[in-house]
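Letter 108 of the sequence shown, counting from 1, is numbered 124 in the working numbering, and no numbers are missing.
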Amino acid sequence: MKWSDNMLVGFKPMDDEHIAFVEMIERMQNATAEELPPLLDQFSDVAHAHFESENKMMEETQFPPRQCHIDEHMAVLKSVAEVQELLVQGQLTIGASLVDELAKWFPGHVTHLDSALSHWMCKKQLGGKPVVIKRSLNLQHDK
Ligand SMILES: [Fe+2]
Ligand SMILES: [Fe+2]
């Protein structure tokens, strides 16, 4: 998995953490089965901290649809914890499946749930929707 500006949501504290999140997933994808368990422990810390910061923003600002977003974070942490446990028991192959699932899940989560939270936070802080500049845009210039 590589970071793409298509995943930018326009609220910097979230974008910075998402870039680190994707980097962790990429490192896990490139790890051997033996290298994976300590990386997954590190990822678990990163994920806990990131989800906690989003959950806190949603609670503090009383973001109306927060419950389904918070539930999704919880479900992911639960799967991570279950796989950590299986890795401890020596079932090393399950690690790679989890990493695949995380890589598939994350872009959709960003598009559907995190971007809505970003709009809400920008509106709260600045009174407008975020303007997201994506480097991949191919801009046409008039001559
Ligand atoms: Fe997020
Ligand atoms: Fe989220």
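We treat Cβ as the ideally placed atom computed from N, Cα and C, and that holds for glycine. Just so it is clear, the structure is predicted and the values come from calculations on it, not from any experiment.
Leaving aside the five residues that flank Leu-118 on each side, the residues in its chain whose CB is nearer than 7 Å to its CB run, in chain order, Ile-41. DSSP, reduced to helix, strand and coil, places Met-17 outside both helices and strands of the structure shown, so it counts as coil.
With a 10 Å radius around the Cβ and a threshold of 16 neighbouring Cβ atoms, Glu-70 comes out buried. Nearest in C-alpha terms to Phe-27, of all of Gln-105, Met-73, Gln-58, is Met-73.
Three or more beta-carbon pairs separated by less than 8 Å are not found between the stretch 123-130 and the stretch 51-69, which leaves the two stretches without contact. If the five residues before and after Leu-102 are omitted, its C-beta is found closer than 7 Å to the C-beta atoms of Ile-110, all from its own chain and listed in chain order. Counting other Cβ atoms within 10 Å of its Cβ, Val-104 stays below 16 and is therefore classed as exposed. Relative to ligand 1, the beta carbon of Glu-76 is positioned no closer than 7 Å to any heavy atom.
Look at Asn-46 here: in three-state DSSP terms it is coil, with no helix or strand label. Cβ neighbours of Leu-55 within its own chain (closer than 8 Å, five residues either side excluded): Met-40, Arg-43, Met-44, Ala-47.
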